[in-house]
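J.: This is the structure I want to talk about, given as structure tokens.
In the working numbering, the protein residues as written are 11 to 713.
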């Protein structure tokens, strides 16, 4: 649901009971009927006592008049105090940006519908019938939302902590009541409220299966946006905002919200292993052994971060796990951003540390997930000699220093003196005595300390500098985030045999700041609208003709749906790589501002925003919900939108390419190979592609 055309009615009630009765008996049937007739496409409400703010999307002009008549009658009958129209201003930033705001509106609509249905059922059930109260529903659904967003137990605790910050001064409770309430909350926070069905013996959950499904789907979608870098606010901050809005809509008082948020936070975050977090345990303190030692906050957060990376499968090896738990990330973050809290320093997000004159970020403390991924690819062992290209803050080098041990050595190279100075100070403060930060051009490596067992680039590259290959030991490993074609990048670990070229042993989807210096990989921005609200990021090898793209969005539009389907959190990375290989110009990232979508200039692209350009035509991917999988998971179908006089033909070619990948190559493994430019041409066969960069030839093959 878009957020530019919502109409709003502000309705004043005398009290909560009357408001809910009128909403259930009068407003709900009217709104449901209007939606069934196609007069409105969505509606929802929010409570601001003594008012309810009703928002709806009218599809026909007489809807406001119809609703006005209903409200006028209610006012004449003294069932409402009165009403007026209002202007709705969406909290786009608070909910994480335009895409996340649309997801929020979808959740608001399903939440509102289910709340009114729930209130109606509550009024109709005979006394003594098992049912969930408001507080139980509020905790259960918000826990479903967080788990849908792939938040582990401690991440959920951080969401509850954020909610508690907005709902201060929790009322005091007697110890026995507090213990009972915590035990009940723990069960609700951990129960499996399956969206597509209900476990046997859990009858109260049957009535809210659609409701919990809405929260599950919203969480999955927000996590998907965050994973693709499309969420413009921290995921947990967005989830906390959703919790507050849901509780307000549900009708929980401020005191109830405060109590629930603080107790939920304590259940997760309390330092002691006590009866408070175990429903089966007695609340009598004489029967429970309480651990009173308090773990330092930074250490606790480090362990929580390591647990998170382990649970997600990012970190698999014991040594990498130990490194994450041992190296103080906060030291490296706070030198650049002193105001960052410990919680923010250990959040799974990047911290940008340096910008160029145009305001573009050129250095960052990488996201912990990316650090873990790259450490696993590197596979550094004790006593090894390792070179890192791109010192940044020095954090990754410190992890490497831990892995190679006291007898190993790490050399980290950066082109900027200020970054080298900061890295040196950080490494000294962290006690990383086996790591040396060096000023130099990363493309040249550091020949003085060669050969290396590992060379790992923590900057993006297009083509592999020959110096890196030359400075590796015969059995060494090169790890590099390689920009393959256009904007498609992967972090690839390469090894070689004595008589064979460098071949990949593993790869992961990953993007880094580009290498700067002799092998600079600059990008070029092509504006597709006069105000730059739609643009293309292109690279030198793509040779895009800007003049032919002028006005392309004003030309005919074609949609082609492919039948190619994915689960909500399933990455289409290999499909996009296939497109990058088979389309002549590869793929280009296409940043799109919400204003361009609101004005109808362009269809909403899939979050990765990859586009194909062919002369004066343009095509990009879109996605829509499809049916559910047999296990109940939501499926999504990919489509293609084409623009330009030949946009229909281009969209058709892209759609055919997606179907070919889905039919013939989706189940295959992809391998990468580095060859010199003067090597014999690669044998041509289906699923094998060879591309020359300025430095070498990269072969990509589906095997």
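Each residue gets a CB set at the ideal place from its N, CA and C atoms; glycine is no exception. On a predicted model such as this, the values are computed, not experimentally measured, just so you know.
Residue 624 lies in the alpha helix (DSSP H); which residues open and close that run?
T.: It is not in any alpha helix (DSSP H) - residue 624 instead sits in the beta strand (DSSP E) that spans 620-624.
J.: Enumerate in chain order the residues of its own chain whose CB-to-CB distance from residue 23 is below 8 Å, with the five nearest sequence positions on each side excluded.
T.: Closer than 8 Å at Cβ, skipping near neighbours: 29, 32, 60, 61, 62, 90 and 91.
J.: If you pair each beta-carbon of the stretch 167-177 with each one of the stretch 243-256, do three or more pairs fall below 8 Å?
T.: Enough Cβ pairs lie closer than 8 Å, so yes.
J.: Fully enclosed by the stretch 636-696, which beta strand (DSSP E) runs are 3 residues long or longer?
T.: Counting whole runs of 3 or more residues, the stretch 636-696 contains the beta strand (DSSP E) stretches 644-653 and 680-685.
J.: Round the Cβ separation of residue 571 and residue 649 to the nearest angstrom and send it over; I've been treating them as touching at under 8 Å.
T.: Rounded, the Cβ-Cβ distance is 4 Å, consistent with contact.
J.: What do you get for residue 560, buried or exposed, if any count of 16 or more other CB atoms within 10 angstroms of its CB means buried?
T.: Classification for residue 560: exposed.
J.: So residue 499 is in the beta strand (DSSP E); what residue range does that whole segment cover?
T.: Taken as a continuous stretch (DSSP letters only), the beta strand (DSSP E) holding residue 499 covers 498-505.
J.: What separation, rounded to the nearest whole angstrom, lies between the Cα atoms of residue 156 and residue 353?
T.: Rounded to whole angstroms, residue 156 to residue 353 spans 18 Å at the Cα level.
J.: Quick check on this structure: which residue in 534, 435 and 662 has the alpha carbon closest to the alpha carbon of residue 553?
T.: It is 534 whose Cα lies nearest to the Cα of residue 553.
J.: I'd like the span of the alpha helix (DSSP H) that includes residue 354, first residue to last.
T.: That run of the alpha helix (DSSP H) goes 352-355.
J.: Leaving out the 5 sequence neighbours to the left and right, which residues in its chain are closer than 6 Å to residue 505 when beta-carbon positions are compared?
T.: 487 and 515.
J.: Along the chain, where does the alpha helix (DSSP H) containing residue 226 start, and where does it finish?
T.: Residue 226 -> alpha helix (DSSP H) spans 219-237.
J.: For residue 241, which three-state DSSP category applies?
T.: If DSSP states are grouped into helix, strand and coil, residue 241 belongs with coil.
J.: Taking the alpha carbon of residue 424 as the reference point, which residue from 403, 440 and 441 has its own alpha carbon closest?
T.: It is 403.
J.: Do residue 4 and residue 653 have their C-beta atoms within less than 8 Å of each other?
T.: It is not possible to answer for residue 4, since the shown part of the chain is limited to 11 through 713.
J.: Kindly list the residues whose CB is nearer than 7 Å to the CB of residue 687, restricted to its own chain and excluding five residues on each side of it in sequence; keep chain order.
T.: Result list for residue 687: 702, 706 and 707, in chain order.
J.: On a CA-only basis, which of 241, 700, 189 and 215 is nearest residue 495? Give me that one, please.
T.: Checking every option, the nearest Cα to that of residue 495 belongs to 700.
J.: Quick one: grab the DSSP three-state call for residue 544.
T.: Three-state result, residue 544: strand.
J.: Among residues of its own chain, excluding the 5 on either side of residue 53, which ones have a beta-carbon nearer than 6 Å to its beta-carbon?
T.: 41 and 66.
J.: Quick test of the definition: if touching needs 3 or more C-beta pairs under 8 Å, does the stretch 398-418 touch the stretch 309-316?
T.: With the cut-off at 8 Å, the stretch 398-418 and the stretch 309-316 do not touch.
J.: What residue does the beta strand (DSSP E) around residue 419 start on, and which one ends it?
T.: From DSSP, the beta strand (DSSP E) with residue 419 extends over 419-424.
J.: So, is residue 386 buried or exposed, given that buried needs 16 or more other C-beta atoms within 10 angstroms?
T.: With 16 or more other Cβ atoms within 10 Å, it is buried.
J.: At the level of alpha carbons, what is the spacing between residue 680 and residue 622?
T.: Roughly 22 Å separates the two Cα atoms.
J.: So is residue 83 buried or exposed if we call it buried at 16+ other beta carbons inside 10 Å?
T.: Exposed, since its Cβ has fewer than 16 Cβ neighbours within 10 Å.
J.: First and last residue of the alpha helix (DSSP H) that includes residue 197?
T.: 185-200 is the extent of the alpha helix (DSSP H) around residue 197.
J.: Restricting to runs no shorter than 4 residues, where is the alpha helix (DSSP H) found entirely within the stretch 30-98?
T.: Runs of the alpha helix (DSSP H) inside the stretch 30-98: 38-46 and 73-86.
J.: Straight-line CA distance for residue 159 to residue 461?
T.: Each residue's alpha carbon lies about 44 Å from the other.
J.: On a CA-only basis, which of 590, 616 and 595 is nearest residue 602? Give me that one, please.
T.: Checking every option, the nearest Cα to that of residue 602 belongs to 616.
J.: Does residue 176 pass the burial test, meaning 16 or more other C-beta atoms within 10 Å, or should it be called exposed?
T.: Residue 176 should be labelled exposed.
J.: Are any of the Cβ atoms in chain C nearer than 8 Å to that of residue 194?
T.: Here there is only one protein chain, and chain C is not present.
J.: Return the chain-ordered ranges of every alpha helix (DSSP H) run that is complete within the stretch 427-486 and spans a minimum of 4 residues.
T.: For the stretch 427-486, whole alpha helix (DSSP H) runs of length 4 or above, ordered along the chain, are 427-439 and 476-480.
J.: Please look up how many angstroms separate the CB atoms of residue 149 and residue 228, rounded, as I've assumed it's under 8 Å.
T.: Their Cβ separation, rounded to whole angstroms, is 16 Å, which puts residue 149 and residue 228 out of contact at 8 Å.
J.: To the nearest angstrom, report how far apart residue 545 and residue 605 are at their CA atoms.
T.: Straight-line Cα distance between these residues: approximately 13 Å.
J.: What are the boundary residues of the alpha helix (DSSP H) that residue 116 is part of?
T.: Where residue 116 is concerned, the enclosing alpha helix (DSSP H) stretches over 108-134.
J.: Please name the residue in 383, 429 and 258 whose C-alpha comes closest to that of residue 333.
T.: The shortest C-alpha separation from residue 333 is found at 383.
J.: What three-state label does DSSP hand residue 336 in the structure shown?
T.: Here residue 336 sits in helix by DSSP.
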